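In our numbering, the protein residues as written are 1 to 245. Don't be surprised by glycine CBs; every beta carbon is placed ideally from N, CA and C. These numbers come from a predicted model, not from an experiment.
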């Protein structure tokens, strides 16, 4: 099962998860693209119990997305409680600010997790110290046991807010798998955290005539033909996994 964490609060672009992208709220774009994954059998939106997140719940009910509500700031607890509520054994974590998330990349990461020898506790296609996929194609997969260990023991604020750091910050305890792409595109920014990020993503959707079935390699080809598009948000500084609030 995939858990998509979403809330209206954002330091740089409040309300971004419901911002319109080619006629659909960004959260809907994320879920519709993730639904194309062959390895995900269920998607749940994990939002908070705060009243400001009621519009997210309203969208979920309108579009028949499953959802769970929990802590606003302790996102690790929110994700864990959602996973426990839906009786999950393996958790795939996605975020609602990645409207270009790619189902093939999701499946690649999940497949690597399940075929790892020895078995992995946690797999991701990016880490703070290295990434080869564009920012915005982030996928994390872990066992429920590993998530529960993090939930019980993580005590740093960034570990509670960013969910998975406790796992990859303890490589001697957990079996960690890094899923890499053959070519390095880690400098590319395809997530939405600022107005310029949103403008970039909207241009991408415009080029594909508001469809959501294009894949990440088609985006690469588009940017090769129109390199000026990547300049729209090239200046945006990516937040660290240690940033909180």
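Output yes if chain C places a C-beta closer than 8 Å to the C-beta of residue 71; else output no.
The displayed structure is made up of one protein chain only, and chain C is not part of it.
Taking only the alpha-carbon atoms, compute the straight-line gap between residue 234 and residue 137 and give it to the nearest angstrom.
Roughly 16 Å between the two C-alpha positions.
Flag this pair as yes or no: are the beta carbons of residue 103 and residue 36 separated by less than 8 Å?
With contacts defined by Cβ atoms closer than 8 Å, residue 103 and residue 36 form a contacting pair.
Which residue wins for smallest C-alpha separation from residue 122, given the options 89, 135, 97?
89
From the DSSP secondary-structure annotation, give me the bridge partner or partners of residue 92.
Within the DSSP secondary-structure output, residue 92 pairs in a beta bridge with 2, 141.
Counting pairs of beta carbons, one from the region 147-155 and one from the region 200-207, are three or more of them closer than 8 Å?
no
With a 10 Å radius around its C-beta and 16 neighbouring C-beta atoms as the bar for buried, classify residue 255 as buried or exposed.
With the chain running from 1 to 245 in the structure shown, residue 255 is simply not present.
Looking at the strands, I want to know which residues DSSP matches up with residue 127.
130
In the DSSP output, what is residue 46 paired with across the bridge?
5, 68
Please identify the residue among 168, 52, 40 whose C-alpha is closest to the C-alpha of residue 178.
Measuring from the Cα of residue 178, the nearest candidate turns out to be 168.
Pair every Cβ in the region 215-226 with every Cβ in the region 97-113, then say whether three or more of these pairs are closer than 8 Å.
yes
Give a yes or no on whether the C-beta atoms belonging to residue 72 and residue 48 are separated by under 8 Å.
yes
Can you check whether the CB of residue 30 is closer than 8 Å to the CB of residue 98?
yes
Return yes when the Cβ of residue 26 is within less than 8 Å of the Cβ of residue 38, no when it is not.
no
I'd like to check one pair, residue 139 with residue 3: are the Cβ atoms closer than 8 Å?
Taking the C-beta atoms as reference points, residue 139 is found no nearer than 8 Å to residue 3.
Classify residue 11 as buried or exposed, calling it buried when 16 or more other Cβ atoms lie within 10 Å of its own Cβ.
exposed
Which first and last residues belong to the beta strand (DSSP E) in which residue 40 is found?
Counting along the chain, residue 40 falls outside any beta strand (DSSP E), and DSSP gives it neither H nor E.
Scan the region 10-36 and note each continuous alpha helix (DSSP H) run of 4 residues or more that stays entirely inside, going in chain order.
For the region 10-36, whole alpha helix (DSSP H) runs of length 4 or above, ordered along the chain, are 26-34.
On a Cα-Cα basis, can you pick out the residue from 182, 237, 166 that is closest to residue 175?
Selected option, being the one with the closest Cα: 166.
Quick one, which of 236, 183, 9 has its alpha-carbon nearest residue 132's?
183
What's the C-alpha gap between residue 96 and residue 193?
11 Å
What distance in whole Å lies between the Cβ atoms of residue 46 and residue 5, which are believed to be in contact at a cut-off of 8 Å?
5 Å
Determine the direct distance from the alpha carbon of residue 120 to that of residue 171, and round the result to whole angstroms.
11 Å
On a Cα-Cα basis, can you pick out the residue from 224, 162, 238 that is closest to residue 80?
162
Between the Cα of residue 187 and the Cα atoms of 20, 126, 173, which residue gives the shortest distance?
126
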